[in-house]
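See structure below.
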Amino acid sequence: MENNKSETYEKGLALLNQLHGGQAGEQLVNNLKDICPDFVDMTIEWAMQGIMARPGLDLLTREYLLIASCTTLGHTVPQLKAHIDAALKLGASKQQIVEVILQMTFYAGGAAVSNALSHAKEVFQQHN
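Its first residue numbered 1, the sequence shown is counted upward by one per residue in the UniProt record's numbering.
Here it is, written out as structure tokens:
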């Protein structure tokens, strides 16, 4: 990473490391820095510092919302797993995460919920 990044970038990177450090955060940066470093910067500055760090909702509530969104979309498996992992790091229980996913049954459908629960199980097993 360059040393002359903005304060917004640095704060966003710190939040990315807090939530996804050691796994998803480094994977995002490493997978995309060669093909589109601007997307990495945008994610760190806009998504992390610009949205996730906003006042009004705590980080765990934001992670629950992202788990619900990824469940509903159905095709965001790496992101779903990353947000489940982050929620666990922030103190969510496995049961709370299951309830967030289950809540999406009538909006996302049974197949999407079943798949999300299977992916959650994988993340839970990694945390044991």
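For glycine and all other residues, C-beta sits at the position ideal for the given N, C-alpha and C.
Which listed residue (E26, K5, A53 and D41) has its alpha carbon closest to that of Q79: E26
Sequence-distant residues of its chain with Cβ nearer than 6 Å to R59 (five each side left out): At residue 59 the sequence reads Leu, which differs from the Arg that was named. The answer, listed in chain order, is L90.
Assigned exposure category for Y64 - 16 Cβ within 10 Å defines buried: buried
Same chain only: Cβ atoms within 8 Å of S93, ignoring 5 sequence neighbours per side: none
Burial state of residue 129 (16 or more Cβ within 10 Å): For residue 129 there is no data in the structure shown, the boundaries of the chain being 1 and 128.
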